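A.B. asks:
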Amino acid sequence: MSVLETKMERPPDWNRPTDLQPHGENELLEVSMGPHHPSTHGVFRMDVTLDGERIIRLKPVFGYLHRNHEKLGEGQTYLASMPYTDRLDYFCSLTNNWAYALAVEKLAGIEVPERAQYLRVILAELTRAQNHASSVGFLIQDMGASGTPLMYAFKEREKILDLFESLTGSRMMCNYMRFGGCRVDATPAWLDQTRKVVAGIPAFADEFEALLCENEILMARTQGIGILRPELAVNAGVTGPLLRASGVDYDIRKVDQYGIYDRFDFKVPLGDRWDVYDRFMIRLLELRQSLRILEQALKDIPGGPVMDPKAKIRGFRPKPGEVYGRIEAPKGELGFYLISDGSPNPYRYRVRPPSLINLTILEEMCIGHNVADIVLILGSVDIVLGEVDR
Amino acid sequence: MKTVEEIKAAIEAAVPDAAVEVVSNPSPSGQHSLRLAPARALEVAKFLRDDPELTFDFLSNVTGVDWPDKEVSERVKVTRQVTKVVDGVEQTVEESAEETRKRVEPGFLEVVYHLYSVAKKHGPVVLRMRTVNRTNAVELPSLTPIWRSAEFQEREIFDLFGIVFTGHPDLRRILMWEGFKDYPMRRDYVEPDDFEYEPTAHDEVLKRAQEHRNREQATPAAKERPPGAPAGNGETREQGLIAE
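Protein chains in written order, with numbering that gives the first Met the number 0: chain P, 0 to 389; chain D, 0 to 243.
Next comes the structure, spelled out in structure tokens:
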């Protein structure tokens, strides 16, 4: 926090990208990276202006997957939007479900039973673990270590997806949470299997770290690249591991203590160099913290119902009003803003997509670096285009 | 954290003619909001960010809401003078009756900002601003100079709702393509009938597309590029290279 407390004298344009001027008489080159570039993690384009190898200007262009998710949400009932939220960030459907359920529960004042709260925490942390493992895998893949490290991460992700499948019926499109609880209960066998999988992840994390973290090429490629100052990060609305890698202590699990996160003992890792390497390390450290939460939750999970018996599923009409509910999704702050006019459909349904807002400072991070570093910096932001474009 | 009323008082102390109103929220969430007058919004926003006690340094969410013209019918008690024949003599008598009156409440577009504080770890504070109407006076001041996170979100609102943010550094369409004409998130948006939006379009969709083609052939003069047609990869080419 010390960085934020020091008051800087701000020039009028302090939160705009620096305008780099080209050297000498070199001709400028405009490159359109994407939309079908293997490193863009989907259909995403960057219009880059280069002076030799140096990036002078970069404008992200997206919307290729735009389907107006928000309009769809306004045209159907509250519950009917639940499976659509799976398709936002399709790596982390369970946290999307939770964010939406949390917003509606706040809007209508619904209580969630104990056991459902624990199940939600377990599933959200499993989601975070697999997202962070594979996003690190993708980052290394982007660096040119084709295949192997990513498959190491995917091997672990597959075990977690198997758990999701046996509980919810689907590997990725889980559609599991309901307003006032969860759809089905977990069996003791499922919990045992989860304990086994969780017990196996630390060994994977050690192996992954040993393989990568002291790798000379990785260090040379990522250290000092894509520096994001904490002041700008906060001002630009950056959230999630990207913000914490810039040294800002802000984790919504700690700040809002939604659900039952006040009961668990875990730490918030912070970066001190604010570069790509820090973001990569923060994800590995957060993975270990998720495991700590998982161990505690799996030990303490009580019995009981997983749905509030008073929760209304058919004919659900919340009273007029509005709400903004948010959670700490693996990519950052995922929020839902809902306005109810008393009808079965929301009057306004808005998703605050962390991936989109984290892209605001992509240009800032890339300017002055070489063109090959764009791929790494974008990888360290960790975007999913289903959520950016909505 | 201070309550909405206390924040309102603090704003009024700092920006005397701010004209802030509290908008209450009946839902159990209890997130009440503050409506700002667009004229002084930038100063209020700057105060909220820089005040040492409030320090709302993190603008989380920006969104638009469309409130179209609303026809309100209400029953009003009216007293009117009626000429009546009472006991064979014409008299003017006051009579009260109920009448249904219809009036149109003009619509407007609204922007909603959700602020949090990273330094103080409190929030949210909800700010709202209204445009004058939905057609020709849709300008609102952009808060991007205060919070950079509004940049893409205000562009999105411009794109989908058609609110024009004055002072925004780069106001272009963001999700729809350059050259798209309408604003899809408005409540009265009608989707074009000339594209076959399903991967395997059939029945109703094909029928609509065919009807559209028939109409176009019947009136060739009215042939224009449909609103859905891409304008080519325009935006960077138009701006040109920096060096030029």
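No residue lacks a Cβ here, since even glycine has one placed at the ideal position from N, Cα and C.
Predicted model, so just to flag it, every value in this text is computed and none were measured.
Alpha carbon to alpha carbon, how far is P/Ile159 from P/Ala198? Give it in angstroms, no decimals.
C.D. replies: Residue 198 of chain P sits at position 199 when you count from the first residue of the first sequence. Residue 159 of chain P sits at position 160 when you count from the first residue of the first sequence. Answer to the nearest angstrom: the Cα atoms are 12 Å apart.
A.B. asks: Alpha carbon to alpha carbon, how far is P/Ala115 from P/Glu213?
C.D. replies: Reading the first sequence from its first residue, position 116 is the one you call residue 115 of chain P. Reading the first sequence from its first residue, position 214 is the one you call residue 213 of chain P. Roughly 41 Å between the two C-alpha positions.
A.B. asks: Applying the 10 Å Cβ sphere with the 16-neighbour rule, what's the burial state of D/Leu205?
C.D. replies: Here residue 205 of chain D corresponds to residue number 206 of the second sequence, with the count starting at 1. Counting Cβ neighbours within 10 Å, D/Leu205 comes out exposed, since fewer than 16 surround it.
A.B. asks: Helix, strand or coil for D/Phe164, going by three-state DSSP, please let me know.
C.D. replies: Residue 164 of chain D sits at position 165 when you count from the first residue of the second sequence. Three-state DSSP puts D/Phe164 in a strand.
A.B. asks: Cβ of D/Trp146 less than 7 Å from any chain P Cβ?
C.D. replies: Here residue 146 of chain D refers to the residue found at position 147 when the second sequence is read from its first residue. True, the Cβ-Cβ gap to chain P drops below 7 Å.
A.B. asks: Which residues bound the beta strand (DSSP E) around D/Trp66?
C.D. replies: Within the second sequence, the letter at position 67 stands for residue 66 of chain D. Here the beta strand (DSSP E) through D/Trp66 covers 57-66.
A.B. asks: By the DSSP assignment, the alpha helix (DSSP H) with P/Gln295 in it spans what residues?
C.D. replies: Walking along the first sequence from the start, residue 295 of chain P turns up at place 296. Segment 275-299, the alpha helix (DSSP H) holding P/Gln295.
A.B. asks: Using C-beta distances below 8 Å, list every residue in its chain close to D/Ala17, excluding the 5 sequence neighbours before and after it, in chain order.
C.D. replies: Looking up residue 17 of chain D in the second sequence gives position 18. Once the five neighbours on either side are set aside, the close Cβ partners of D/Ala17 are Ile10, Glu11, Leu35, Ala36, Arg39, Glu42, Val43.
A.B. asks: Kindly indicate which three-state DSSP category D/Asn232 falls into: helix, strand or coil?
C.D. replies: Taking the first residue of the second sequence as 1, we reach residue 232 of chain D at position 233. Because D/Asn232 carries a pLDDT of 37, less than 50, the predicted location of this residue cannot be relied on, and no value is offered for it.
A.B. asks: Report all residues from its chain with a CB closer than 6 Å to the CB of P/Met142; omit the five preceding and five following residues, and keep chain order.
C.D. replies: Here residue 142 of chain P refers to the residue found at position 143 of the first sequence. Cβ within range, chain order: Arg220.
A.B. asks: Please confirm whether P/Ala235 has its beta-carbon closer than 7 Å to some beta-carbon of chain D.
C.D. replies: One-based indexing of the first sequence puts residue 235 of chain P at position 236. For P/Ala235, the answer is yes, since a Cβ of chain D falls inside 7 Å of its Cβ.
A.B. asks: Strictly below 8 Å CB to CB, what residues from chain P border D/Met175?
C.D. replies: The residue labelled residue 175 of chain D in the question sits at position 176 within the second sequence. The contacting residues are Gly62, His65.
A.B. asks: Name, in chain order, the residues that DSSP records as bridge partners for P/Met45.
C.D. replies: Walking along the first sequence from the start, residue 45 of chain P turns up at place 46. Beta-bridge pairing links P/Met45 to P/Met32, P/Pro59.
A.B. asks: Can P/Asp271 and P/Gly246 be called in contact, C-beta distance under 7 Å?
C.D. replies: Position 272 of the first sequence, counted from the first residue, corresponds to residue 271 of chain P. Position 247 of the first sequence, counted from the first residue, corresponds to residue 246 of chain P. Yes, the pair counts as a contact, with Cβ atoms nearer than the cut-off.
A.B. asks: List the residues of chain D whose Cβ lies closer than 7 Å to the Cβ of P/Ile338, in chain order.
C.D. replies: Position 339 of the first sequence, counted from the start, is the residue given in the question as residue 338 of chain P. By Cβ distance, chain D contributes Val64.
A.B. asks: How big is the Cα-Cα spacing for D/Arg102 and P/Asp46?
C.D. replies: For this step, residue 102 of chain D is matched to residue 103 along the second sequence. For this step, residue 46 of chain P is matched to residue 47 along the first sequence. C-alpha separation (whole angstroms): 51 Å.
A.B. asks: Within 7 Å (strictly less), CB to CB, does P/Tyr77 reach chain D?
C.D. replies: Looking up residue 77 of chain P in the first sequence gives position 78. For P/Tyr77, the answer is no, since every Cβ of chain D falls outside 7 Å of its Cβ.
A.B. asks: Got a sec: is the Cβ-Cβ distance from D/Arg154 to anything in chain P below 7 Å?
C.D. replies: Along the second sequence, read from residue 1 onward, the residue named residue 154 of chain D stands at position 155. False, the Cβ-Cβ gap to chain P never drops below 7 Å.
A.B. asks: Please list the terminal residues of the continuous beta strand (DSSP E) segment that includes P/Tyr175.
C.D. replies: Taking the first sequence and counting its residues from 1, the one referred to as residue 175 of chain P is at position 176. That residue, P/Tyr175, is in no beta strand (DSSP E); it is neither H nor E in DSSP.
A.B. asks: Going along the chain, which residues of its own chain have a beta-carbon closer than 6 Å to the beta-carbon of P/Glu386, five neighbours each way excluded?
C.D. replies: Along the first sequence, one-based indexing puts residue 386 of chain P at 387. Result list for P/Glu386: Leu87, Asp88, Pro352, Ser354, in chain order.
A.B. asks: By the 9 Å beta-carbon criterion, what residues does the stretch 318-329 of chain P contribute toward chain D?
C.D. replies: Flagged, chain order: Lys318, Pro319, Gly320, Glu321, Val322, Tyr323, Gly324, Arg325.
A.B. asks: I'd like to know if the stretch 280-300 of chain P and the stretch 32-51 of chain P are in contact, where contact means that at least 3 CB-CB pairs between them fall below 8 Å.
C.D. replies: The answer is no - the stretch 32-51 of chain P does not touch the stretch 280-300 of chain P, with fewer than three Cβ pairs under 8 Å.
A.B. asks: As a quick exercise: from D/Gln30, D/Leu174, D/Tyr188, D/Ala118, pick the residue whose alpha carbon is nearest that of D/Gln152.
C.D. replies: Translated into positions along the second sequence, residue 152 of chain D becomes position 153. Considering only alpha carbons, the answer is D/Leu174.
A.B. asks: Please look up how many angstroms separate the CB atoms of P/Leu138 and P/Leu384, rounded, as I've assumed it's under 8 Å.
C.D. replies: By one-based count along the first sequence, residue 138 of chain P stands at place 139. By one-based count along the first sequence, residue 384 of chain P stands at place 385. No, P/Leu138 and P/Leu384 are not in contact; Cβ-Cβ is about 17 Å, not under 8 Å.
A.B. asks: Report yes if the CB atom of D/Val64 is closer than 7 Å to the CB atom of D/Glu109, and no otherwise.
C.D. replies: Residue mapping note: residue 64 of chain D aligns to position 65 of the second sequence, counting from 1. Residue mapping note: residue 109 of chain D aligns to position 110 of the second sequence, counting from 1. For D/Val64 and D/Glu109, yes; Cβs fall inside 7 Å.
A.B. asks: Just tell me which of P/Met306, P/Leu64, P/Thr167, P/Tyr323 has its CA closest to the CA of D/Ser28.
C.D. replies: Position 29 of the second sequence, counted from the first residue, corresponds to residue 28 of chain D. If we check each option's Cα against that of D/Ser28, P/Tyr323 comes out closest.
A.B. asks: Where do the N-terminal and C-terminal ends of the alpha helix (DSSP H) with P/Ile338 fall, by residue?
C.D. replies: The sequence position of residue 338 of chain P within the first sequence is 339, counting from 1. That residue, P/Ile338, is in no alpha helix (DSSP H); its beta strand (DSSP E) goes 331-339.
A.B. asks: To the nearest angstrom, how far is the alpha carbon of P/Lys58 from that of P/Glu362?
C.D. replies: Taking the first sequence and counting its residues from 1, one reaches residue 58 of chain P at position 59. Taking the first sequence and counting its residues from 1, one reaches residue 362 of chain P at position 363. Their Cα atoms are separated by approximately 7 Å.
A.B. asks: Nearest-angstrom Cα distance between D/Thr134 and P/Ser145?
C.D. replies: Residue mapping note: residue 134 of chain D aligns to position 135 of the second sequence, counting from 1. Residue mapping note: residue 145 of chain P aligns to position 146 of the first sequence, counting from 1. Using only the alpha carbons, I get a separation of about 53 Å.
A.B. asks: Using a Cβ-Cβ distance cut-off of 7 Å, determine whether P/Val254 contacts chain D.
C.D. replies: Mapped onto the first sequence, residue 254 of chain P falls at position 255. Chain D, which has a Cβ nearer than 7 Å to the Cβ of P/Val254, makes this yes.
A.B. asks: Distance, Cα to Cα, P/Met0 vs P/Tyr348?
C.D. replies: Translated into positions along the first sequence, residue 0 of chain P becomes position 1. Translated into positions along the first sequence, residue 348 of chain P becomes position 349. Summary for P/Met0: the model assigns pLDDT 45, below 50, so the residue's position carries little reliability; its value from the coordinates is reported in the next sentence. Taking the straight line joining both Cα atoms gives about 34 Å.
A.B. asks: Short of 8 Å in beta carbon distance, which residues of its chain neighbour D/Met184, apart from the five on each side in sequence? Order them along the chain.
C.D. replies: By 1-based counting over the second sequence, the position of residue 184 of chain D is 185. If we look at D/Met184 and ignore the five residues flanking it on each side, its Cβ neighbours are Gly63, Asp65, Leu159, Phe160.
A.B. asks: Using the three-state DSSP reduction, which class does P/Ile326 fall into: helix, strand or coil?
C.D. replies: To locate residue 326 of chain P, count along the first sequence from 1; it is residue 327. Strand.
A.B. asks: Could you name the residues of chain D that P/Tyr249 contacts, counting a contact when the two beta carbons are closer than 7 Å?
C.D. replies: Here the question's residue 249 of chain P lines up with position 250 in the first sequence. Residues of chain D passing the Cβ test: Val117.
A.B. asks: Using a cut-off of 7 Å between C-beta atoms, extract the partners of D/Pro25 located in chain P.
C.D. replies: In the second sequence, counting from the first residue as 1, residue 25 of chain D sits at position 26. In chain order: Lys318, Pro319, Gly320.
A.B. asks: Does any residue of chain C bring its CB to less than 7 Å from the CB of P/Leu106?
C.D. replies: The structure shown has no chain C; the protein chains it does contain are P and D.
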